[in-house]
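One structure is given below, encoded as C-alpha cells.
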Amino acid sequence: MAKLSFLWRRAVQTARLMVGIPDYDTYVAHRSAHHPGEPVMSYGEFFRERQKARYAIEEGRFKGCC
Amino acid sequence: MSIRSKLLWAAVIGLGAVSFGIVALKRGESVNAMWLLIAALCIYFIAYRFYALWIANRVLGVNAARQTPAYRRNDGLDYVPTNRYVLYGHHFAAIAGAGPLVGPVLAAQMGYLPGTLWILAGVVFAGAVQDMIALFLSTRRDGRSLGDMIRSEMGPVAGTIAGIGVLLICVIILAVLALVVVNALKASPWGTFTVFCTAPIALLMGIYGRFVRPGRIAEMSILGAVLLFAALYYGRTVADTPALAHYLTLSGPQLALIIIGYGFVASVLPVWLLLAPRDYLSTFLKVGTVALLAVGVLIARPELQMAAITKFVDGTGPVWSGSLFPFLFITVACGAVSGWHSLISSGTTPKMIESETQIAFIGYGGMLMESFVAIMAMIAASVIHPGVYFAMNTGAGLIGTTAAHAADVVSSWGFTVTPDMLNQVAHDVGELSVLSRTGGAPTLAVGMATIFSSFLGGRTLMAFWYHFVILFEALFILTTVDAGTRVCRFMIQDLVGHAIPAFKETRAWGNNLIGSAVSCVLWGYLLYAGVIDPYGGIWTMWPLFGATNQMLAAIALSLCTVVLFKMKRERYAWVTIVPTAWLVVCTVTAGLEKVLSPDPKVGFLSHAAKFSHALAENQVLAPAKSLTEMGRVIFNDYVDATLAGLAVSIVVIVVAYAFVSIRRARATPQSTAIEIGGPAGAAVGHG
C-alpha cells in the first residue's frame, strides 16, 4: 500500500512538472528549512507564480517544440 | 561486468541483430512491425549502455561529487533537485512534438528502411549525443541557455548569428506545422468542428483554473478532456447535418487565414487564459496517445504493407522533392536529430537535475524515447496500403481531384490501387475524400486508426479514431503556433530593439500588438504560399524546415565540440565532430541544391527562371492560373531561395567561428571552459 501511494505521488509529480508546476510540498519544505520566518506562498499563489514563470518568454523560458 | 550481465547483453545484441536482419533483408513478403520495434529497442539499450554511459563517464567526465545548480541555487521554484524519473517525464514532454510524428511519415515515400536506418543511426550518434552534451554544458553553467553559452564560449558575433538562425527556424516551423493542420482540416467539417472547439474549451479551463478552483490542474484537465471527447463525438453529428456542415467545410486558404488570425489573437491574450490550459491538454493528450500507440502496436502486431525500399530513392518521389542524399536525412527531422532540443536541454531540465550522473539517462534517454515515437510513426505510415499512402501524400497538381484519376496515376507508379479502395478509406474515416491530404498528419491518423480499431471498436470506430488523431495533432500544433508566435515576437522585439530601444519594452501593449502582427505576417506569408501551392506545399516546405532544424543541430554540436576542446578533452572530440560534420555536409548540400540545382523541381532559382522565361512570353504555367499568379510564384521562389541561402550561410559562419575557438583552445595549455562550480561545490566561475 505504502509503495502504491509512493508511486502515485511520483506519477502526480511527473504530470504536474510536465506542465511546468514543480512540487509544492518541496517548495514549502525548502522555505521552512532555509528561510524560516519568511512568508510562504499559498498553493494558489505558488501556482500562479509558476504558471507565469513557465510562459515568461521574454526571459527565454518557454520554447515549445516541433 | 558480471558473467550474468555479460550473458544478458549478449542476448540483447543477438536478438537485435536477428530482428534487424529480418527487417533489413527480408524481401518480397511483408514484415511484421514487431521485428522493427524489437530491433529498435535492442539498439536503444545497447547504445545507452555502451555509448551513452561511455560518453558521460569518459568523454564528459561527469562527477557525482560535483554540485548541480539544483542544489547550489536551490530556491524551491526554478532550481529544485528533482527525482530523475519525474524529470525524465518532464524532459520528454518538453522535447516531444509534431516533428517525430510527421517526418517519418514523409520519409516513408522511399520505403520504410532508409528512414528507419537514419532514425536509428541518427539518434544514436547525433541526436541523443547533442541533447545529452547540451544538457551537460548547461548543467555546468547554472542552466544557461544555448545562446548564452555560444556567446560566452564562441564570442558575441557567433551568438547573434545563432540567434538569427533560431528566429529563422521558428518562422519556418510555424508555417510548416500550421500547414499540416490546414491540410488535415480542409473540407473536413468533423475535424474542423472538433479543433475549433478546443479554443472555447481551453478558455473555460483557463477561467476554471484561475478563479473557480485555482491551480487544480487535474480537475481542469479532466473537465477539458471530457468536453474534448464530447466535441469529438458530436463532430460527426455536425458533419452529418448539412446546414451546420456547410459552415465548417472550409477551403485551404480560408483555414490558413483563420489560423493566422488565431495565432495573432492567442499570442496577445494573457497566458493563463488560453496558452496554459491548452498546453496542459495537449501535453497530457500527447503523452497519453504516444503510450496508447505503443500498446496498440504491441497488441495489433500489424504487417508492414509498404516496401522496404521504393523506386523513389532516386529522388523522383511525389511527397517531397530531392534525392536520398541529402534530403532523406533532413526529412526525418526530429526523430533522428533536432536542433530545437538543444534549446530545451539548456532550459528547465539542467536547473532540476539531481546529479551529473543522471545526465545520460535524461538527455540521451529522453531522445531515445523521442526516436521510439518516430519508429512508431514510421510503422503507422507503413501499415496502410502504399497506393493509399501515395494518393494521400501527393498534391492535386499531380494526381488530380477525383479518385479515378488519382488511382490511375498512383497505379502507374507501380503502387496498384483502385478508386474503390480510395473511396473506401475515405468512407471508413468519415471523410469525403482523402486525396492530397499532404503533411503527414492525416496519413498518420489513418495508420493509427487502423492499428487502434483493430483491437478497439473495429471498423465502426475507425472514423472516431481518425478524428481523434487529427485532434491530438492539431491541438499541440496550435499550442506551438501560439507559443511560437510569442517567441518570434520576442526575438523580433529584441532585434529591432537594438535600433529602436523603446520597442524592447515587452510589457507595452502597443509593442506586443505590433510584434505579434509582424511575426504572424512572417510565418503567415509562408503558410499561405504553401497552402496555394498545387504540389501541396509540404513538397517544398518540409525540406526547408528539415534543413533549418538540422542547421540548428549543427550549431549546437559545434558548440559541444568547441567546449570539448576547451576542456582539453580533444582526444574524444570525434564524438561530436563526426555528427557535426555529417550534419554540416547534409544541410549545406541540401541548402545549395535548394538554391542552385538546375532541376526546377529541386532548385528554387531554376524554378523561378523557368517561370520568368514563360512570363516573358506571356505563357501561364501550371500551377499558376494567371500572369499575376506567375509573378507570385516567382516571388515565392526567391523568398524560399533566400531562406535556404540564409540557413547555409549561418551554418558556415558558425562553423568558421568554431574553428577559430578551437585553435585558440589548442594554443592554451590549460582548460579554458567557462564553468561554474567545482567538485567542492564552491560557486566560483573561473574565466
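Protein chains in written order, with this note's numbering: chain A, 932 to 997; chain B, 8 to 694. Idealized CB from N, CA, C, for every residue including glycine.
In angstroms with no decimal places, state the Cα-to-Cα distance between B/ILE351 and B/ALA141. Working through the second sequence from its first residue, we reach residue 351 of chain B at position 344. Working through the second sequence from its first residue, we reach residue 141 of chain B at position 134. Their backbone Cα atoms lie some 9 Å apart in a straight line.
Going by the beta-carbon positions, is the gap between B/GLY446 and B/VAL178 smaller than 8 Å? As a working mapping, residue 446 of chain B is identified with position 439 in the second sequence. As a working mapping, residue 178 of chain B is identified with position 171 in the second sequence. No, the Cβ-Cβ distance between B/GLY446 and B/VAL178 is not below 8 Å.
Just mark B/GLN74 as buried or exposed, buried being the case when its beta carbon has 16 or more other beta carbons within 10 Å. Locating residue 74 of chain B in the second sequence gives position 67, where the first residue counts as 1. B/GLN74 is buried by the Cβ-count criterion.
Comparing the C-beta of A/GLU969 with each C-beta of chain B, is any distance below 8 Å? Locating residue 969 of chain A in the first sequence gives position 38, where the first residue counts as 1. At least 8 Å separates the CB of A/GLU969 from every CB of chain B.
On the DSSP bridge assignment, give the partners of B/ASN643 in chain order. Along the second sequence, one-based indexing puts residue 643 of chain B at 636. Note: B/ASN643 sits in no beta bridge, so no partner.
Identify whether B/GLU310 lies in helix, strand or coil by the three-state DSSP scheme. On the second sequence, residue 310 of chain B is found 303 positions in, with the first residue counted as 1. DSSP, read as helix, strand or coil, puts B/GLU310 in strand.
Nearest to B/ALA490 by alpha carbon, out of B/ASN81, B/GLY106, B/LEU281? Along the second sequence, one-based indexing puts residue 490 of chain B at 483. It is B/LEU281.
Would B/ALA648 pass as a contact of B/PHE611 if the rule is Cβ separation under 8 Å? Residue numbering aside, residue 648 of chain B sits at position 641 when the second sequence is read from its first letter. Residue numbering aside, residue 611 of chain B sits at position 604 when the second sequence is read from its first letter. Between B/ALA648 and B/PHE611, the gap from beta carbon to beta carbon is short of 8 Å.
Where the alpha helix (DSSP H) containing B/LEU251 begins and where it ends: Position 244 of the second sequence, counting from 1, holds the residue named residue 251 of chain B. Boundaries of the alpha helix (DSSP H) harbouring B/LEU251: 249-255, taken from the DSSP string.
Secondary structure of B/THR364, DSSP reduced to three states: One-based indexing of the second sequence puts residue 364 of chain B at position 357. Helix at B/THR364.
So what's B/ILE683 in DSSP terms, helix, strand or just coil? Sequence index remark: in the second sequence, residue 683 of chain B carries index 676 (1-based). Strand.
To the nearest angstrom, how far is the alpha carbon of A/PRO967 from that of A/HIS961? As a first step, residue 967 of chain A is located in the first sequence; it is residue number 36 there, counting from the start. As a first step, residue 961 of chain A is located in the first sequence; it is residue number 30 there, counting from the start. Each residue's CA atom was taken as its position, placing A/PRO967 and A/HIS961 some 9 Å apart.
Check B/THR89 in the structure and name its three-state DSSP category. In the second sequence, counting from the first residue as 1, residue 89 of chain B sits at position 82. DSSP places B/THR89 in the strand class (E or B) of the three-state scheme.
Please classify B/ASN625: does DSSP put it in a helix, a strand, or coil? As a working mapping, residue 625 of chain B is identified with position 618 in the second sequence. Residue state for B/ASN625 is assigned as coil, using DSSP reduced to three classes.
Per DSSP, what kind of secondary structure is B/ASN39 in: helix, strand or coil? Taking the first residue of the second sequence as 1, we reach residue 39 of chain B at position 32. DSSP places B/ASN39 within a strand segment (E or B) once states are collapsed to three.
Listing by chain order, which chain A residues have their CB less than 7 Å from the CB of B/ARG493? As a position in the second sequence, residue 493 of chain B is number 486, starting the count at 1. For B/ARG493, the C-beta contacts it makes with chain A under 7 Å involve ILE988, in order along the chain.
Own chain, CB closer than 8 Å to B/PRO260, minus 5 neighbours either side, in chain order: Along the second sequence, one-based indexing puts residue 260 of chain B at 253. Its chain contains TYR535, VAL538, ILE539 as the residues whose beta carbon lies nearer than 8 Å to that of B/PRO260, once the 5 sequence neighbours on both sides are disregarded; these appear in chain order.
Determine, using beta carbons only, whether B/GLY688 comes closer than 8 Å to chain A. Locating residue 688 of chain B in the second sequence gives position 681, where the first residue counts as 1. Interpretation of B/GLY688 is limited by its pLDDT of 40, a score under 50 that renders its predicted location unreliable; the figure taken from the coordinates is listed afterwards. No, B/GLY688 lies away from the interface with chain A (no Cβ there is under 8 Å from its Cβ).
If B/ALA115 and B/GLY122 are in contact, beta carbons under 8 Å, what's the gap, nearest whole angstrom? Translated into positions along the second sequence, residue 115 of chain B becomes position 108. Translated into positions along the second sequence, residue 122 of chain B becomes position 115. Rounded to whole angstroms, the Cβ separation of B/ALA115 and B/GLY122 is 6 Å, and the two are in contact under 8 Å.
As a quick exercise: from B/CYS341, B/SER656, B/LYS13, pick the residue whose alpha carbon is nearest that of B/PHE379. In the second sequence, the residue the question calls residue 379 of chain B occupies position 372. Of B/CYS341, B/SER656, B/LYS13, the residue nearest in Cα terms is B/CYS341.
From B/VAL659, B/LEU14, B/ASN90, residue whose alpha carbon lies closest to that of B/ILE369: Translated into the one-based positions of the second sequence, residue 369 of chain B becomes position 362. Restricting attention to B/VAL659, B/LEU14, B/ASN90, the CA atom closest to the CA of B/ILE369 is found in B/ASN90.
Under 7 Å Cβ-Cβ, which residues of chain A neighbour B/LEU282? As a working mapping, residue 282 of chain B is identified with position 275 in the second sequence. Those are TYR986, listed as they occur along chain A.
Beta-carbon proximity of B/ARG80 to B/ASP149, cut-off 8 Å: Here residue 80 of chain B refers to the residue found at position 73 when the second sequence is read from its first residue. Here residue 149 of chain B refers to the residue found at position 142 when the second sequence is read from its first residue. Going by C-beta atoms, B/ARG80 is nearer than 8 Å to B/ASP149.
What's the C-alpha gap between B/ALA194 and B/ARG444? Looking up residue 194 of chain B in the second sequence gives position 187. Looking up residue 444 of chain B in the second sequence gives position 437. Roughly 10 Å between the two C-alpha positions.
Would B/ILE641 pass as a contact of B/LEU653 if the rule is Cβ separation under 8 Å? Locating residue 641 of chain B in the second sequence gives position 634, where the first residue counts as 1. Locating residue 653 of chain B in the second sequence gives position 646, where the first residue counts as 1. The answer is no: Cβ separation not under 8 Å.
Taking 8 Å as the CB-CB cut-off, is B/THR296 touching chain D? Given the protein chain composition of this structure (A and B), no chain D is represented.
B/VAL503 at chain A interface by Cβ criterion, 8 Å: As a position in the second sequence, residue 503 of chain B is number 496, starting the count at 1. Output row for B/VAL503: interface = no.
Please work out which residues of its chain come closer than 6 Å, Cβ to Cβ, to B/ILE406, disregarding the five sequence neighbours upstream and downstream, and give them in chain order. In the second sequence, residue 406 of chain B corresponds to position 399, counting from 1. Hits under 6 Å: ALA413, VAL416.
By the three-class DSSP mapping on this structure, what secondary structure does B/ASN400 have? For this step, residue 400 of chain B is matched to residue 393 along the second sequence. Looking at B/ASN400 - three-state DSSP - the assignment turns out to be helix.
Can you tell me whether B/LEU280 is helix, strand or coil according to DSSP? For the purposes of this step, residue 280 of chain B is taken as the residue at position 273 of the second sequence. The DSSP-derived three-state label of B/LEU280 is coil.
With a CB to CB cut of under 7 Å and the five nearest residues on each side skipped, what residues in its chain are close to B/VAL1? In this structure chain B extends from 8 to 694, so residue 1 of chain B is not present and cannot be described.
If the criterion is Cβ atoms closer than 8 Å, does the pair B/GLN394 and B/SER418 meet it? Numbered from 1 along the second sequence, position 387 holds the residue referred to as residue 394 of chain B. Numbered from 1 along the second sequence, position 411 holds the residue referred to as residue 418 of chain B. The residue asked about is misnamed: residue 394 of chain B is Gly in this sequence, not Gln. For the 8 Å CB-CB criterion, B/GLY394 and B/SER418 form a contact.
In the DSSP assignment, the alpha helix (DSSP H) including B/SER145 goes from what residue to what residue? The residue you call residue 145 of chain B lines up with position 138 of the second sequence. Per DSSP, the continuous alpha helix (DSSP H) segment holding B/SER145 begins and ends at 135-146.
Mind checking the segment 221-236 of chain B against chain A and listing, in chain order, the residues whose C-beta falls within less than 7 Å of any C-beta there? Cβ proximity to chain A below 7 Å picks out PRO221, GLY222, ILE224 from the segment 221-236 of chain B.
Buried or exposed: which applies to B/ASP644, given that a residue is buried once 16 or more other Cβ atoms fall within 10 Å of its Cβ? The count along the second sequence starts at 1 and reaches residue 644 of chain B at position 637. B/ASP644 is buried by the Cβ-count criterion.
Any contact of the segment 23-36 of chain B with the segment 256-271 of chain B, i.e. 3+ C-beta pairs under 8 Å? As far as the Cβ criterion goes, the segment 23-36 of chain B does not touch the segment 256-271 of chain B, which means the pair count is below three.
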